[in-house]
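Down below is the structure, laid out as structure tokens.
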Amino acid sequence: MWGRHGVQLLSYALGVLLFLALAPLTAPGQLPPVQSASANAGATVPGDDLIRSRISVGLTHLHWSMTGEAPLERKPCATMHFETSQTTICLDAAQQATVSDPRYQESYVVPVEHGATDRSTVSIRRSDLMIPNGPAEVDVSCAGCASEDLQVRVAPRRWSGCSAGPVPDTWKVMHGPEESKAIAITLDDGPSPFTDDMLEVLDKHSVPATFYVMGSRLSQRPAMAQQVLRRGHSLGNHTWTHADLRRQRAGVVESELQRTSELLRRTTGSRPCTFRAPYGEDPAPVVAAAERAGMVTVGWNADSKDWELPSAAAMTQRVLGKLRPGAIILLHDGGGPRERSVVALERIITAARDQGYRFKTTEELLGLQVDYAPVS
Numbered sequence: 198m199w200g201r202h203g204v205q206l207l208s209y210a211l212g213v214l215l216f217l218a219l220a221p222l223t224a225p226g227q228l229p230p231v232q233s234a235s236a237n238a239g240a241t242v243p244g245d246d247l248i249r250s251r252i253s254v255g256l257t258h259l260h261w262s263m264t265g266e267a268p269l270e271r272k273p274c275a276t277m278h279f280e281t282s283q284t285t286i287c288l289d290a291a292q293q294a295t296v297s298d299p300r301y302q303e304s305y306v307v308p309v310e311h312g313a314t315d316r317s318t319v320s321i322r323r324s325d326l327m328i329p330n331g332p333a334e335v336d337v338s339c340a341g342c343a344s345e346d347l348q349v350r351v352a353p354r355r356w357s358g359c360s361a362g363p364v365p366d367t368w369k370v371m372h373g374p375e376e377s378k379a380i381a382i383t384l385d386d387g388p389s390p391f392t393d394d395m396l397e398v399l400d401k402h403s404v405p406a407t408f409y410v411m412g413s414r415l416s417q418r419p420a421m422a423q424q425v426l427r428r429g430h431s432l433g434n435h436t437w438t439h440a441d442l443r444r445q446r447a448g449v450v451e452s453e454l455q456r457t458s459e460l461l462r463r464t465t466g467s468r469p470c471t472f473r474a475p476y477g478e479d480p481a482p483v484v485a486a487a488e489r490a491g492m493v494t495v496g497w498n499a500d501s502k503d504w505e506l507p508s509a510a511a512m513t514q515r516v517l518g519k520l521r522p523g524a525i526i527l528l529h530d531g532g533g534p535r536e537r538s539v540v541a542l543e544r545i546i547t548a549a550r551d552q553g554y555r556f557k558t559t560e561e562l563l564g565l566q567v568d569y570a571p572v573s
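According to the numbering used here, the sequence shown is numbered sequentially starting from 198.
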């Protein structure tokens with residue numbers, strides 16, 4: 198009774214209803230649609246509507262762009278397979294991502310940045326990811342994602358300078374932000390022959406640290422400054438002679454700071470933006486002198502007390518007992534025999550990582566402006 202035209206009309210209507218029933222809906226808070234990859238209207242090759250990814254790693258950020266016609270129905274994830282580790286990044290929402298790494302017992306959340314005009318490209322700070330240098334194969338998974346063989350290469354970078362400006366919240370700190378499980382390892386009183394041993398441990402675990410150097414010792418081993426930077430660490434000012442600044446005239450304090458910062462400028466091309474007072478003695482006049490020199494005064498809240506020469510086990514337990522989000526750990530690579538400190542450093546890194554902590558330089562932990570350069 199329908200006739201040929203009636204059957205055709207019914208078939209068309211059923212097709213429309215089926216399409217509407219299967220079409221994905223955009224839920225509140227869902228990631229925005231990816232940028233269209235189609236430049237011209239017209240016929241498309243099968244598969245052109247799939248989401249395609251491009252991932253690259255620069256000196257400061259990992260960049261992930263997605264193009265295609267399909268909407269993002271579920272959060273996309275990218276797993277980078279390095280030679281000795283792997284890192285998975287899942288875009289949870291417009292402003293954050295979850296990072297998973299088998300080296301850590303817990304996943305953690307990091308902020309995500311978007312381009313000013315291109316919302317389909319996201320950027321994540323390298324210092325938030327703890328990824329090693331070298332090549333990696335990348336797997337991307339999401340509903341509608343194309344199956345692609347992606348590769349990235351994380352090039353080595355070195356600290357090339359930093360700034361405490363325009364004005365930090367405070368010019369004296371004892372720890373970093375407590376909102377996330379990031380911590381900093383600091384090493385004082387070098388350089389010395391033990392600095393090389395500390396660097397070997399840090400390299401083994403791909404962990405950055407900050408070395409607070411004495412100018413008088415650096416003047417005897419100036420090449421060590423560039424060595425520290427090339428291996429991914431940062432440098433801070435620990436005065437020229439390790440004098441107790443409480444007992445010094447203002448002019449002497451200024452000289453202790455300026456001579457060391459100037460030596461660092463000559464040997465590395467940049468002045469430091471953080472300072473640590475010998476013995477932690479940093480009354481207001483000393484903090485003010487460091488501020489005038491453009492440096493934040495950095496203390497600590499997880500002291501190994503390795504200067505007392507306890508056992509490596511005792512040092513490790515002291516630090517782990519004080520470990521908190523934002524902790525600044527104090528060890529020494531100079532000023533005495535540091536074999537036990539080298540052993541303790543590795544144990545602290547392993548135990549802290551097992552508790553879900555990740556590591557940053559002091560400057561990164563405090564959110565100061567840090568500049569990087571490629572390692573030549």
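Even for Gly, the Cβ is constructed at its ideal location relative to N, Cα and C.
None of these values were measured; they are calculated from a predicted model.
(request) Could you tell me the distance, in whole angstroms, from the CA atom of residue 329 to the CA atom of residue 445? (result) 44 Å
Start and end residues, beta strand (DSSP E) containing residue 332: 331-338
Practice prompt. Within 10 angstroms of the Cβ of residue 221, are there 16 or more other Cβ atoms? Answer buried if so, exposed if not.
Written response: Residue confidence is low: residue 221 scores 39 on pLDDT, short of 50, so the model does not pin down where it sits. Its coordinate-derived value is still stated next. Exposed, since its Cβ has fewer than 16 Cβ neighbours within 10 Å.
> With respect to the beta strand (DSSP E) encompassing residue 571, which residues constitute its N-terminal and C-terminal limits?
Replying inline: Start and end: 566-571.
Quick check on the burial criterion: 16 or more other C-beta atoms within 10 angstroms. Buried or exposed for residue 489?
exposed
- Exposure of residue 414, with buried meaning 16 or more beta-carbon neighbours within 10 Å: Buried is the call here.
| query | Is residue 441 buried or exposed, if buried means 16 or more other CB atoms sit within 10 Å of its CB? | reply | exposed
| said: Does the structure place the segment 455-475 close enough to the segment 489-502 that three or more beta carbon pairs sit under 8 Å? | reply: Touching, yes, given that three or more Cβ pairs across the two stretches are closer than 8 Å.
Return the residue from the list 466, 266, 399 that minimises the CA-CA distance to residue 420. Taking only the C-alpha atoms, the option nearest residue 420 is 466.
Residue 397 classed as buried or exposed, judged by whether at least 16 other C-beta atoms fall within 10 angstroms: exposed
Roughly how many whole angstroms lie between the Cα atoms of residue 486 and residue 309? 36 Å
**Prompt:** Mapping DSSP to helix, strand and coil, what is residue 272?
**Reply:** coil
Restricting to runs no shorter than 3 residues, where is the beta strand (DSSP E) found entirely within the segment 425-485? With a minimum length of 3 residues, the continuous beta strand (DSSP E) runs that stay inside the segment 425-485 are 431-434.
Review point. Relative to the C-alpha of residue 500, which residue among 507, 360, 512, 506 is closest?
Key: 512
The beta strand (DSSP E) that contains residue 404, what's its start and end? Here residue 404 belongs to no beta strand (DSSP E), and DSSP marks it neither H nor E.
Query - residue 344, buried or exposed, once every other Cβ within 10 Å from all chains shown has been counted against 16 - result: It is exposed - the Cβ of residue 344 has fewer than 16 other Cβ atoms within 10 Å.
- request: Classify residue 459 as buried or exposed, calling it buried when 16 or more other Cβ atoms lie within 10 Å of its own Cβ.
  value: exposed
query = Span of the alpha helix (DSSP H) holding residue 360?
reply = Careful: residue 360 lies outside any alpha helix (DSSP H), inside the beta strand (DSSP E) at 354-360.
Checklist line | Nonlocal neighbours in the same chain, by C-beta distance under 8 Å from residue 383, ignoring five residues either side | finding: 406, 407, 408, 409, 433, 473, 495, 497, 525, 526, 527, 528, 559
_Please state whether the Cβ-Cβ distance between residue 250 and residue 347 is less than 8 Å._
yes
Item to complete: Determine, using beta carbons only, whether residue 275 and residue 248 come nearer to each other than 8 Å.
Response: no
**Study point:** Sequence ranges, alpha helix (DSSP H) only - wholly within the segment 527-565, length at least 4
**Key:** 536-551, 559-563
### Task
Flag this pair as yes or no: are the beta carbons of residue 387 and residue 381 separated by less than 8 Å?
no
Practice prompt. Have a look at 438, 456, 517 and flag the residue whose alpha-carbon is nearest the alpha-carbon of residue 475.
Written response: 438
message: Suppose you measure from the CA of residue 321 to the CA of residue 449; what does that come to, to the nearest Å?
response: 43 Å
- prompt: Apart from the five residues just before and just after residue 378, which ones in its own chain have a Cβ nearer than 6 Å to its Cβ?
  reply: 522, 553, 554
Item to check | Residue nearest to residue 507 in terms of C-alpha spacing, selected from 538, 463, 477 | outcome: Comparing alpha-carbon positions, the option among 538, 463, 477 lying closest to residue 507 turns out to be 538.
Original post:
Based on the DSSP output, what are the partners of residue 261 in its beta bridges?
Top reply: 252, 319
- request: Compute the distance between the beta-carbons of residue 436 and residue 454, then report whether it is under 8 Å.
  value: yes
* Given 8 Å as the limit, is there contact between the segment 260-267 and the segment 359-367, that is, 3 or more CB pairs closer than that? -> Flag = no, the segment 260-267 and the segment 359-367 do not touch.
Exercise for review: Thinking residue 300 and residue 324 are a contact (beta carbons under 8 Å), I'd like their distance in whole angstroms, please.
Suggested key: At roughly 16 Å, the Cβ-Cβ gap does not stay under 8 Å, so residue 300 and residue 324 are not in contact.
I'd like the span of the beta strand (DSSP E) that includes residue 496, first residue to last. Run containing residue 496: none; DSSP gives neither H nor E here.
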